[in-house]
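Asks:
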Amino acid sequence: MKRGDVIGGYRVVTDPTNAGGGKCVWSFAEKDGREYFLKRFLEPKRPREGSGGSAASRRIRLETCREFEERHRSIMKRLRPDASGAGNLVLATDFFHAGSTYYKVTERIDTASLDKPQSLGPKQKAVLLRTLATSLRLLHDIEVVHGDLKPANVLVQKREGAAFHTAKLIDFDDSYLSGRPPDRADIAGDSLYGAPEWRRYVQGHESVGGEDLTTAVDVFALGLMTHVYLTGSLPAYDGRFGSPADAVNAAEPLVADERLGTSTQALIAAMTAADPQHRPTVADFLAALKDPEVCTLHGTPQPRPAVPGTGVGDGPRGSRVQFNPPDRSGHRPPPAAATDDGPARSRVRINLGHRRDGLPGNPSTS
Amino acid sequence: MSAEIEKYQGNLQYAVDIVMCIDATGSMHPVLDVVKKSSLQFHLRLAEVMARKSKEISQLRLKVIAFRDFGDDPSDAIEQTDFLRLPQQVAEFEKFVRGLRATGGGDIPESGLEALALAINSPWETGLDRRRHVIVMFTDAPAHPLGTVGATAQTYPRDIPRSMDGLFEQWGYARSQTAVMEQSAKRLVLFAPEEEPWKEGIGEEWDLTLHFPSRAGEGLEEFEMDEIIETIANSL
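This is the structure:
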């Protein structure tokens, strides 16, 4: 692929790059006067007539391609750009192969993104998080795990004349059905935003199987991103750990910024709980956002949420807040139940109590 | 993050191995200095990018294979290092790279496929939790078919495939039984001309391959090293 090529009817208009992508090359393209984003996959390669390799290898490769096509088409079928509420999901409009290579097309979008969402005011932040969570809820309602939720896959933008910034969720190519992830060696994910169970899955722990990787994986990442959007950094954790999930897996705490309100600290603690079953759903998160206090960054330290029971020593792997555990048995309530219109209070119940001392510093500053 | 902090043993560990195949024939003279400079700075820039993303590589190893042409002078057609661990063995790495001279080559095609075959058969890291195995090819020329030019020379590599089909099977694909590299870890980045075997034979047919066309006598731009760094950093 190079500038000037016409691929599947799309004329490549910029130099291809792999910026921001590990297993693809992309460029902007035009077709029938409209502009698109054209993504070239690095794998699999569809064997062409007369191309190299044995008959056996050809059979294996064609089978891999068939599965690849089926996975992408099934996600595209579930997530249509014209679906209600899909306005902030950047979805594929075309998927095809040209020669041996697969391509995916989305509408061209402005890829600029606000550098420092933490600089926004509380109302702006609430709208931003709401748009992000609404997109994620749409995925979760159809049992799809984004699988690589991180700031780089969210464009924070404000349309001309609009009052608020919104979040556009991109890149679903690593998505999978809840409980049915790719193999341990193949699963994508970000080393910083990955969930504890994702890391154990990657590390080959027998205690974690594919069925343990559910939509709660995205909730963990959303909890971290919420902290980043509100404060500009991840929750603090001991510098010995390579990531928040490493710390959580070692039963060490993630410590939210003290300037966040107590309920927000508790919400983030719940979303980043070690046990995925103990994390709230995205619908719970949306309900919590109804509280105008959630996105406020105070000038003075706020009380820490209490750990249930005796506080600090009450089971390191447990959630530090109580909430109504979601049903992750596979059954999902209809979207209407994941209410935006419910009471304007969080379902997270907070026990105000001890404040922790001797908290570890944020690794970015240690 | 301070380097003095003793890391928790349960952290997810990433190993990155990179083999740089560098065409050191006479025609590369105008660009070899750029390639050398980029190679020498590579690990520092990678570390900088990773730090900016608050990510860490647990183990980084580099190997260099300089190649010329077995048809011209088999005695210096391949020069290579072992895998060198950085930053611990940076002096050895720098000494080898600084010593490379653009010379020889004879006719236009070079022995790039022999270098690629050696790279594919490198002793890649198999431990730690996740791995990235990246081969980078810098050349301004097409390549001789494998097992033809200079194949009878004493110095010609013995244990590499003698055909493109054989090399393709060693590179492999998902569920391949013959691949010598780990499918989920491997990447091939080509800075090579739009000529064979780079353009169609490999660039189009092999998976997990990125081809950035080069032209003889024109340098590798600064940003092109960033393409390699993106390939690594975005997949960790």
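So the sequences go chain by chain: E and W. Under the numbering used here, the first residue of the first sequence is numbered 1254, with each subsequent residue one higher. Under the numbering used here, the first residue of the second sequence is numbered 1349, with each subsequent residue one higher. Ideal Cβ positions, reconstructed from N, Cα and C, are used throughout, including at glycine.
Put C1318/E into one of helix, strand or coil per three-state DSSP.
Replies: The answer is helix: DSSP assigns C1318/E an H, G or I state.
Asks: Taking C-beta pairs closer than 8 Å, name the residues in chain W that P1297/E reaches, listed in chain order.
Replies: Y1521, A1522, D1555, listed in chain order.
Asks: Closer than 8 Å, CB to CB, is G1352/E near chain W or not?
Replies: Judged by the 8 Å Cβ criterion, G1352/E is in contact with chain W.
Asks: To the nearest angstrom, how far is the alpha carbon of F1290/E from that of L1542/E?
Replies: In a straight line, the C-alpha of F1290/E is about 33 Å away from that of L1542/E.
Asks: Do V1379/W and D1507/W have their C-beta atoms closer together than 8 Å?
Replies: Against a cut-off of 8 Å, the Cβ pair of D1507/W and V1379/W comes out as no contact.
Asks: Check whether chain E comes within 8 Å of M1573/W, counting only Cβ atoms and requiring the distance to be less than that.
Replies: By this cut-off, M1573/W is not an interface position.
Asks: Please state if the CB of E1546/E and the CB of G1514/E are separated by a distance shorter than 8 Å.
Replies: Yes, Cβ-Cβ distance for G1514/E and E1546/E is below 8 Å.
Asks: What residue range does the beta strand (DSSP E) around K1255/E cover?
Replies: First-last for K1255/E: undefined, no H or E at that position.
Asks: Using the beta-carbon count (16 or more within 10 Å), is A1336/E buried or exposed?
Replies: With fewer than 16 other Cβ atoms within 10 Å, it is exposed.
Asks: Please classify P1471/W as buried or exposed, where buried requires at least 16 other C-beta atoms within 10 Å of its C-beta.
Replies: Exposed, because fewer than 16 other Cβ atoms sit within 10 Å of the Cβ of P1471/W.
Asks: Please report how far the alpha carbon of T1479/E lies from the alpha carbon of L1434/W, in whole angstroms.
Replies: Straight-line Cα distance between these residues: approximately 36 Å.
Asks: Tell me the rounded alpha-carbon separation between G1419/W and M1573/W.
Replies: Distance between the alpha carbons of G1419/W and M1573/W: 30 Å.
Asks: Between H1481/W and A1414/W, is the Cβ-Cβ spacing less than 8 Å?
Replies: Not in contact: H1481/W and A1414/W (Cβ atoms no closer than 8 Å).
Asks: Starting from the Cα of P1509/W, find the closest Cα among T1496/W, A1501/W, R1449/W and give me that residue.
Replies: With distances taken between Cα atoms, P1509/W lies closest to T1496/W.
Asks: How is D1394/E classed by DSSP in three states: helix, strand or coil?
Replies: Correct three-state label for D1394/E: helix.
Asks: Who are the near neighbours of E1517/W in its chain, counting only those whose CB is closer than 8 Å to its CB and skipping five residues on each side?
Replies: Excluding sequence neighbours, E1517/W sits near P1509, S1524, T1526, A1527.
Asks: Taking Cβ positions, are L1475/E and L1402/E nearer each other than 8 Å?
Replies: Result yes, Cβ atoms of L1475/E and L1402/E sit closer than 8 Å.
Asks: How should E1462/W be labelled, buried or exposed, when 16 other C-beta atoms within 10 angstroms of its C-beta is the threshold for buried?
Replies: Under this definition E1462/W is a buried residue.
Asks: Are G1498/W and P1422/W touching if we call contact CB-CB under 8 Å?
Replies: Taking 8 Å as the Cβ cut-off, G1498/W and P1422/W qualify as a contacting pair.
Asks: Any beta carbon from chain E within less than 8 Å of F1415/W's own beta carbon?
Replies: Answer no: the Cβ-Cβ gap between F1415/W and chain E never drops below 8 Å.
Asks: Rounded to whole angstroms, what is the Cα-Cα separation between L1342/E and N1469/W?
Replies: About 43 Å.
Asks: Please state if the CB of L1539/E and the CB of T1525/E are separated by a distance shorter than 8 Å.
Replies: It is not a contact, given that the beta carbons lie outside the stated cut-off.
Asks: Classify V1535/E as helix, strand or coil using the three-state DSSP reduction.
Replies: DSSP places V1535/E in helix when its eight states are reduced to three.
Asks: What does the alpha-carbon distance come out to for the pair L1410/W and A1386/E?
Replies: About 42 Å.
Asks: Is L1360/W closer than 8 Å to S1460/E when the C-beta atoms are compared?
Replies: No; because the gap between Cβ atoms is not below 8 Å, this pair is not in contact.
Asks: So, does the region 1385 to 1400 of chain W touch the region 1426 to 1433 of chain W, judging by three or more C-beta pairs under 8 Å?
Replies: Output reads no: the region 1426 to 1433 of chain W does not touch the region 1385 to 1400 of chain W.
Asks: For D1488/W, go through chain E and note every residue whose CB falls closer than 8 Å to its CB, in chain order.
Replies: None at all; the shortest Cβ gap to chain E is about 17 Å.
Asks: On the three-state DSSP scale, how would you describe T1270/E?
Replies: Strand, per DSSP.
Asks: State yes or no: is the C-beta of T1534/E within less than 8 Å of the C-beta of D1510/E?
Replies: Going by C-beta atoms, T1534/E is not nearer than 8 Å to D1510/E.
Asks: What does the alpha-carbon distance come out to for the pair D1365/W and Q1377/E?
Replies: Approximately 44 Å between the Cα atoms of the pair.
Asks: Kindly list the residues whose CB is nearer than 6 Å to the CB of Y1446/E, restricted to its own chain and excluding five residues on each side of it in sequence; keep chain order.
Replies: So the qualifying residues of the chain are K1403, A1474, L1477.
Asks: Using the beta-carbon of each residue, which ones in chain E are nearer than 8 Å to E1552/W?
Replies: Within chain E, the residues near E1552/W are K1298, G1352, S1353, T1354.
Asks: Applying a beta-carbon distance threshold of less than 7 Å, which residues of chain E neighbour R1494/W?
Replies: This sequence places Leu at residue 1494/W; Arg is not what is there. What L1494/W touches in chain E: nothing, since even the nearest Cβ is about 12 Å away.
Asks: Could you give the distance in angstroms between the alpha-carbon of Y1490/E and the alpha-carbon of L1515/W?
Replies: The alpha-carbon atoms of Y1490/E and L1515/W are separated by roughly 47 Å.
Asks: Using DSSP's beta-bridge definition, name the partner residues of D1371/W.
Replies: DSSP, once it has assigned bridges, lists F1415/W as partnering D1371/W.
Asks: Could you tell me whether the region 1410 to 1424 of chain E touches the region 1445 to 1457 of chain W, where touching means 3 or more Cβ pairs closer than 8 Å?
Replies: They do not touch, by the three-pair rule.
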